[in-house]
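**Student:** My questions will all concern the structure given below.
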Amino acid sequence: MYSIGKRRHEENREENIRQKEDREENVREKENREENVRQKEDREENIRQKENREENVREKENREENIRQKEDREENIRQKENREENVREKENREENIRQKENREENIRQKENREENIRQKENREENIRQKENREYNVREKENREENIRHKENGRECQAEGKQGRACQAEGKRKRMSGRRKV
1 MYSIGKRRHE ENREENIRQK EDREENVREK ENREENVRQK EDREENIRQK ENREENVREK
61 ENREENIRQK EDREENIRQK ENREENVREK ENREENIRQK ENREENIRQK ENREENIRQK
121 ENREENIRQK ENREYNVREK ENREENIRHK ENGRECQAEG KQGRACQAEG KRKRMSGRRK
181 V
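1 is the number of the first residue of the sequence shown in UniProt numbering; add one for each residue after it.
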């Protein structure tokens, strides 16, 4: 049999072992709790990092979308300027066509005026030529008349008439000559 002292000693030793085991268990539990806290913090950190990455992706997509929108606006502005430039060029071409047509019309009108002047000058020349022909006909008739007068005067003188008698004879013959014509 154990003595009381030995038994107490044995109980103390067992108690000490239990206490030591309890302390070790406490340490393990504490370490587990701390590990759990670390793991929880790690998970939370991982969640934060994941959210940060997603936020970064969204921001990047937003920046890219903003760049696309800006490029779209600039492209729209370029297209609008191109359309306006095309309108200006079309208006310029139409204006150039109008001016060309105006110049051609002015040339036609100038040619018409010159043609009218030529026709007027031709008419005036025709009138002058007609008047000249009529004058020439009258001159020819006058020459022929003068020749007849001269011949009548010679005949009169050949018959021995002189002065007024000869002139009267010439007049009478001229008159009869005219009637014959």
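Note that beta-carbon positions come from the ideal geometry of N, C-alpha and C, so glycine has one too.
Using C-beta distances below 7 Å, list every residue in its chain close to GLU59, excluding the 5 sequence neighbours before and after it, in chain order.
**Tutor:** The residue given as residue 59 occupies position 59 in the sequence shown. Taken in chain order, the list of residues that qualify is empty.
**Student:** Just verifying my parser: in three-state terms, what is the DSSP assignment at GLU125?
**Tutor:** For the purposes of this step, residue 125 is taken as the residue at position 125 of the sequence shown. Of the three classes helix, strand and coil, the one that applies to GLU125 here is helix, per DSSP.
**Student:** State the Cα-Cα distance for the pair ARG53 and ILE47, rounded to the nearest angstrom.
**Tutor:** If you number the sequence shown from 1, residue 53 lands on position 53. If you number the sequence shown from 1, residue 47 lands on position 47. If you take the alpha carbons of ARG53 and ILE47, they lie about 10 Å apart.
**Student:** Any beta carbon of chain C sitting closer than 8 Å to that of ARG28?
**Tutor:** Note that chain C does not occur in the displayed structure, where there is just one protein chain.
**Student:** Does DSSP put GLU159 in a helix, a strand or coil?
**Tutor:** Stepping through the sequence shown from its first residue, residue 159 is reached at position 159. Three-state result, GLU159: coil.
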